[in-house]
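Residue numbers (the numbering used here): 1460 to 1702. Every residue, glycine too, gets a C-beta built ideally from N, C-alpha and C.
Quick look at the structure:
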């Protein structure tokens, strides 16, 4: 919401035909004199530079206001580097994170996106009513990769993380070698036998990919979303400030 507000506010300001109101009367009078003076061939350049300065100054003002608002409403938090048996690599500046752990002779890697979609919450779907923002639940995609020893085969399981649950979507075996152009990735998970589905959920759960992880990821991504938004605004501000 804060990002949307920032963009709308910037767009409204930058397309405002009354931008000249940010110049005071003395500046306007000076510009008119410079523009009309034949002895000053650089008058137009000077006017253009002053307008550019006012234009950029207004963007910087809005960015500073938005950054200050975000800092006050969502103070930065110390990055979390551990969850249960997983180490957490927050990858600042990127749209995903990585978790790693060992389980017996297996290397387990979980690559997780930031929020990448939403869907009506179960209660809203069951009631049949039109879902509003409060009835929506955010979606996170994660890919669980499991490898064993020196083998070149990797089991990959594509999942959805909802606010309080993990949902398996598909699983397949890949190799570390070059993949075929269109590898067969197996059937949709829901097409499998119910007992097999339950067993695969148990398989993930003992490896730490469970509903508790889903809850953790949603809280983590809320903080990362705020941190990445602040970082983006700081980078834009720094670029515009550069002379």
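C-beta contact flag for residue 1614 and residue 1627 at 8 Å:
Between residue 1614 and residue 1627, the C-beta spacing is not below 8 Å.
Own chain residues within Cβ distance below 7 Å of residue 1573, not counting five before or after:
1554, 1555, 1680, 1683 and 1684, listed in sequence order.
For residue 1493, the three-state DSSP class (helix, strand or coil)
For residue 1493, the pLDDT reaches just 45, beneath the cut-off of 50, and the residue's location in the model is therefore unreliable, although a value from the coordinates is still provided. Correct three-state label for residue 1493: helix.
Below 8 Å, how does it come out for the stretch 1521-1535 and the stretch 1685-1696: are there three or more Cβ pairs, yes or no?
Taking one beta carbon from each stretch, the stretch 1521-1535 and the stretch 1685-1696 have 3 or more pairs nearer than 8 Å; the two touch.
Report the three-state DSSP secondary structure of residue 1573 (helix, strand or coil).
In this structure, residue 1573 counts as coil in the three-state DSSP scheme.
Do the CB positions of residue 1617 and residue 1596 come within less than 8 Å of each other?
The answer is no: Cβ separation not under 8 Å.
Report back the beta-carbon spacing between residue 1620 and residue 1676 to the nearest angstrom; my notes put them in contact at under 8 Å.
Sure, about 5 Å apart at Cβ, within 8 Å.
Going along the chain, which residues of its own chain have a beta-carbon closer than 6 Å to the beta-carbon of residue 1601, five neighbours each way excluded?
Contacts found: 1569, 1571, 1618 and 1620.
CB-CB length for residue 1647 against residue 1629, believed under 8 Å:
Contact between residue 1647 and residue 1629 holds, with the beta-carbon distance rounding to 7 Å and staying under 8 Å.
Looking at the strands, I want to know which residues DSSP matches up with residue 1609.
None, per the DSSP bridge assignment.
With a Cβ-Cβ cutoff of 8 Å, do residue 1650 and residue 1607 count as a contact?
Against a cut-off of 8 Å, the Cβ pair of residue 1607 and residue 1650 comes out as no contact.
Can you tell which of 1598, 1696 and 1660 has the C-alpha that lies nearest to the C-alpha of residue 1575?
Check the Cα spacing between residue 1575 and each of 1598, 1696 and 1660: the tightest is with 1598.
Classify residue 1538 as helix, strand or coil using the three-state DSSP reduction.
When DSSP states are grouped into helix, strand and coil, residue 1538 belongs to the coil group.
What residues are listed by DSSP as bridge partners for residue 1544?
Beta-bridge pairing links residue 1544 to no other residue.
Leaving out five residues on either side along the sequence, give the residues of the same chain with a beta carbon under 7 Å from the beta carbon of residue 1562.
1666.
Inter-residue CB distance, residue 1659 and residue 1603 (contact presumed, cutoff 8 Å):
Actually they do not touch by this definition, with Cβ atoms about 11 Å apart.
Can you list, in chain order, the residues of its chain whose CB lies under 7 Å from that of residue 1700, leaving out five sequence neighbours each side?
Within the same chain, residue 1700 has close Cβ partners 1519.
Helix, strand or coil, according to DSSP, for residue 1658 in the structure here?
Secondary structure of residue 1658 (DSSP, three-state): helix.
Please state the DSSP three-state secondary structure of residue 1653.
Residue state, collapsed to three classes: helix.
On the DSSP bridge list, what partners appear for residue 1600?
According to DSSP, residue 1600 bridges with 1619.
By DSSP's criteria, residue 1402 is part of a beta bridge. Which residues make up the other side?
What the structure shows of the chain is the stretch from 1460 to 1702, and residue 1402 is not part of that stretch, so it cannot be assessed.
Here's the rule I'm using: 16 or more other beta-carbon atoms within 10 Å means buried, otherwise exposed. How should residue 1545 be labelled?
So residue 1545 ends up on the buried side.
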